[in-house]
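Student: Quick one: structure below, then a few questions.
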Amino acid sequence: SVCKLGLALLASVAGLEGRYTCNQSGPMGSPAVPDDAVRFATSVAAVNASIRVVWSTLLDVAIGKIGFVTNGNPEKVGDFFAVHSNLRTASLLLRRTTIVMKVTVFEEQKHICWNTMGLPSWARHCFFFCEVDGSTVWYNYEDQKGVMTGVIEQLAANATRDGFNRFNANMTTEVEKQVRVSSMLVFP
């Protein structure tokens, strides 16, 4: 499909194709797309750090500091929180949004997903992690289904992908900073 071709091209351009994959059945080695859903946006990143460091950076620092500002960090399935997004390249009407989310998947240091609440279509935003050759790879992706999917995809898919890529770049920087700080705290 055009979407899979675009994702493969993105992975190739990012230099991740073949080198970093979690070997799942979805696009670029990501988790599979649920039945009747569309992989709305995917961004993949890798950093030379353990899953433990990347996971804790996501939950403790990144969600509140880069890309998303939340009301409380998600800690378990069933937690509710608000995501305040700023999709810089979206149309003015969709650029800044606040959406209530509910955590639907929480596998410590592996997979976290949250679903939108109160919208006319089903949407799930996830992060999936694996270790490859001493690095941590993560997929930042969103799946959608329902009658509004085509319209939302036309209006916001590119801006969402841009936002995910920016989030991953900022997250990589934050993880590298956490690794540097922790290495300075080790005494011989």
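With the numbering used here, the residue at position 80 of the sequence shown is 938, and numbering never jumps.
Where is the CB? At the ideal position from N, CA and C, for every residue including glycine.
Remember, predicted model here, so these are calculated numbers, not experimental data.
#1: Taking only three categories from DSSP, how would you classify R954?
#2: Near D937, which residues of its chain fall below 6 angstroms by C-beta distance, leaving aside the five closest residues on each side in sequence?
#3: Among N1028, A940, A1015, Y997, whose alpha-carbon lies nearest the alpha-carbon of N973?
#4: Pick helix, strand or coil for S993, following the three-state DSSP scheme.
#5: Under a three-way DSSP split, which group does E1000 fall into?
#6: Under 8 angstroms Cβ to Cβ from D894, same chain only, skipping five residues before and after it: list those, please.
#7: Can you tell me which residues form a DSSP beta bridge with S943?
#8: Could you tell me which uninterrupted alpha helix (DSSP H) segments, each at least 4 residues in length, are contained entirely in the stretch 877-918, listed from first to last along the chain?
#9: Taking only the alpha-carbon atoms, compute the straight-line gap between D1048 and V911 and give it to the nearest angstrom.
#10: How big is the Cα-Cα spacing for M975 and M1006?
#11: Do A1027 and A948 have their C-beta atoms within less than 9 angstroms of each other?
#12: According to DSSP, is K934 part of a helix, a strand, or is it coil?
#13: Please report the straight-line C-alpha distance between E933 and E965, rounded to a whole angstrom.
#14: Where does N1026 sit, in a helix, a strand or coil, going by DSSP?
#15: Which same chain residues end up closer than 7 angstroms to N881 when comparing Cβ atoms and leaving out the 5 residues on each side of it in sequence?
#16: Which residue's Cα is closest to the Cα of F898: L951, D1020, A1015?
#17: With DSSP run on the structure shown, which of helix, strand or coil describes A948?
Tutor: Quick look at the numbers:
#1: For R954, the three-state secondary structure derived from DSSP is strand.
#2: Correct list, in chain order: V961.
#3: Nearest Cα to N973 within the set N1028, A940, A1015, Y997: A940.
#4: In this structure, S993 counts as strand in the three-state DSSP scheme.
#5: E1000: strand per DSSP, three-state reduction.
#6: If we look at D894 and ignore the five residues flanking it on each side, its Cβ neighbours are K1003.
#7: DSSP output for S943 lists T955 as bridge partner(s).
#8: At a cut-off of 4 residues, the continuous stretches assigned as alpha helix (DSSP H) that sit fully inside the stretch 877-918 are 909-914.
#9: With the chain covering 859 to 1046 only, the question about residue 1048 has no answer from this structure.
#10: Approximately 14 angstroms, taken between the alpha carbons.
#11: Taking 9 angstroms as the cut-off, the Cβ atoms of A1027 and A948 do not count as close.
#12: Note: K934 maps to coil in three-state DSSP.
#13: Those two C-alpha atoms are separated by around 10 angstroms.
#14: Helix, per DSSP.
#15: If you ignore the 5 residues before and after N881, its C-beta comes within less than 7 angstroms of the C-beta of G887, all in its own chain and listed in chain order.
#16: Measuring from the Cα of F898, the nearest candidate turns out to be A1015.
#17: The DSSP-derived three-state label of A948 is coil.
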